[in-house]
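Below: the structure, in structure tokens.
Now the structure itself:
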């Protein structure tokens with residue numbers, strides 16, 4: 003990452019950390035009562051396939067699942083598939099500080115999900131922003147001290163997990179809600 007990109011990222015993180023979570027009534031409900039689930043993820047080729055399979059499994063359980071992937075490049079590649087319940091944002095959809103400005107990002111944060119799953123391992127500034135400002139009733143993600151304001155529940159993996167392990171752990175806990 004270049005010096006300029008580091009400065010932009012630092013400024014974006016500063017803006018994000020001074021923001022406060024949306025004033026939303028947050029609460030848990032039994033998983034059988036959950037109707038809508040939002041999934042935020044980093045859209046690499048491998049992740050898109052894994053997240054797609056997981057979303058299909060949740061749909062088979064009767065849930066409506068919407069996904070928003072962050073594609074970490076300036077433009078989407080030709081092989082990215084849009085579906086009715088899947089959107090993407092990329093670097094051109096961000097402000098100069100790395101925060102979302104696109105319709106997809108803004109719409110996703112304003113959706114009233116019963117559950118918002120943050121399925122990414124890296125510090126992805128645009129996804130943290132969407133999670134922080136989400137109107138979701140309950141937000142779950144990976145534990146790190148810095149993530150306290152972004153999630154209502156965090157899963158502590160003790161090590162840096164690969165995405166399949168993170169999905170498995172979060173899935174275990176949401177089914178126990």
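Residue numbers (the numbering used here): 3 to 179. Cβ coordinates follow ideal geometry from the N, Cα and C atoms, glycine included.
Going by DSSP, what residue range makes up the beta strand (DSSP E) through residue i?
i	result
residue 141	141-144
residue 66	66-73
residue 42	38-44
Along the alpha helix (DSSP H) that carries residue i, what are the first and last residues, could you check?
i	result
residue 48	47-62
residue 189	The structure shown does not extend to residue 189, since the chain is modelled only from 3 through 179, so no value can be given for it.
Beta-carbon of residue i versus every beta-carbon of chain D: anything under 8 Å?
i	result
residue 111	In the displayed structure, chain D is absent; only one protein chain is listed.
With 16 other CB atoms within 10 Å as the buried threshold, where does residue i fall?
i	result
residue 142	buried
residue 6	exposed
residue 156	buried
residue 130	buried
residue 169	buried
residue 133	buried
residue 35	exposed
residue 161	exposed
residue 144	buried
Could you check how far apart the C-beta atoms of residue i and residue j are, in whole angstroms? I think they sit under 8 Å.
i	j	result
residue 112	residue 137	6 Å
residue 177	residue 33	5 Å
residue 121	residue 53	6 Å
residue 42	residue 96	With 8 Å as the limit, residue 42 and residue 96 do not qualify as a contact, their Cβ atoms being about 14 Å apart.
residue 39	residue 65	5 Å
Practice task
Could you say if the stretch 125-142 and the stretch 48-64 meet the contact criterion of at least three C-beta pairs nearer than 8 Å?
Solution key: Taking 8 Å as the limit for Cβ pairs, the verdict is that the stretch 48-64 does not touch the stretch 125-142.
Exercise for the section: At 4 residues or longer, and completely inside the stretch 89-168: list those alpha helix (DSSP H) runs for me, N to C. Expected result: Annotation note: the stretch 89-168 contains the following uninterrupted alpha helix (DSSP H) runs of length 4 or greater, listed N- to C-terminal: 105-112, 127-134.
Problem - Sufficient close CB pairs (3 or more, under 8 Å) joining the stretch 93-107 to the stretch 56-66 - result: Put simply, the stretch 93-107 does not touch the stretch 56-66. Fewer than three CB pairs are less than 8 Å apart.
Handout entry: At least 3 beta-carbon pairs within less than 8 Å: the stretch 165-177 vs the stretch 147-154
Key = Three or more beta-carbon pairs separated by less than 8 Å are not found between the stretch 165-177 and the stretch 147-154, which leaves the two stretches without contact.
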